[in-house]
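Spelled out as structure tokens, the structure:
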């Protein structure tokens, strides 16, 4: 019996040591997982801060390209203002050139005018300022444009202010 007790004690000691070893391995693995989790959380926090900063910078400087494209237009306006004593016809010609230059820059950015003349009145893109009784145009047709409307790509920036035909 004594031999059996010693054997049992040796087996129990061996099992206890094995369990302690497994426990230490599990603790080490858990600590490794915890450290990985902390690093992952820190990486995610850094990512969130970086993307927030990038969004702020994008919003702050989104108009940089447009402003750079408008600088030559601004330069030409300054030149036109300096030509006060010039021939009025040449000044008008210069202003027309600046207008075309400005329109070109804005069209490259996606600005397009709203179609008006001869179109059927559409309240989603036209603003009726007046109605005019006429028999020259069908009822509810745009007969003149008082203020041009514009789209930026596919978004309506401003409706066109128009005069609409009213059947007599």
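Numbering (our numbering), first residue to last: 27 to 194.
Cβ atoms here follow ideal geometry from the backbone N, Cα and C, with glycine treated the same way.
Once you ignore the five residues that flank residue i on each side, which residues in its own chain have a CB closer than 8 Å to its CB?
i	result
residue 63	none
residue 109	116, 117, 120
Report back the beta-carbon spacing between residue i and residue j to the nearest angstrom; my notes put them in contact at under 8 Å.
i	j	result
residue 190	residue 169	7 Å
residue 186	residue 153	7 Å
residue 166	residue 146	6 Å
Going by C-alpha to C-alpha distance, which of the options sits closest to residue i?
i	options	result
residue 133	151, 152, 194, 92	92
residue 126	186, 103, 175, 61	103
residue 151	171, 89, 49	171
residue 162	180, 194, 183	194
Suppose the cutoff is 7 Å on Cβ atoms and the five residues either side in sequence are ignored; what does the same chain contact list for residue i look like?
i	result
residue 173	186, 187
residue 128	99
Which same chain residues end up closer than 6 Å to residue i when comparing Cβ atoms and leaving out the 5 residues on each side of it in sequence?
i	result
residue 137	176, 178
Q.
Any contact between the stretch 115-135 and the stretch 152-167? By contact I mean 3 or more CB pairs, one from each, below 8 Å.
A. no
Q: Decide if the stretch 84-102 is in contact with the stretch 140-151; the criterion is three or more beta carbon pairs, one per stretch, under 8 Å apart.
A: no
(Q) Threshold first: 3 residues or longer. Then list the beta strand (DSSP E) segments lying entirely within the stretch 157-192, N to C. (A) Under the rule that a run must span 3 or more residues, the beta strand (DSSP E) segments found entirely inside the stretch 157-192 read 168-173, 176-178, 181-184.
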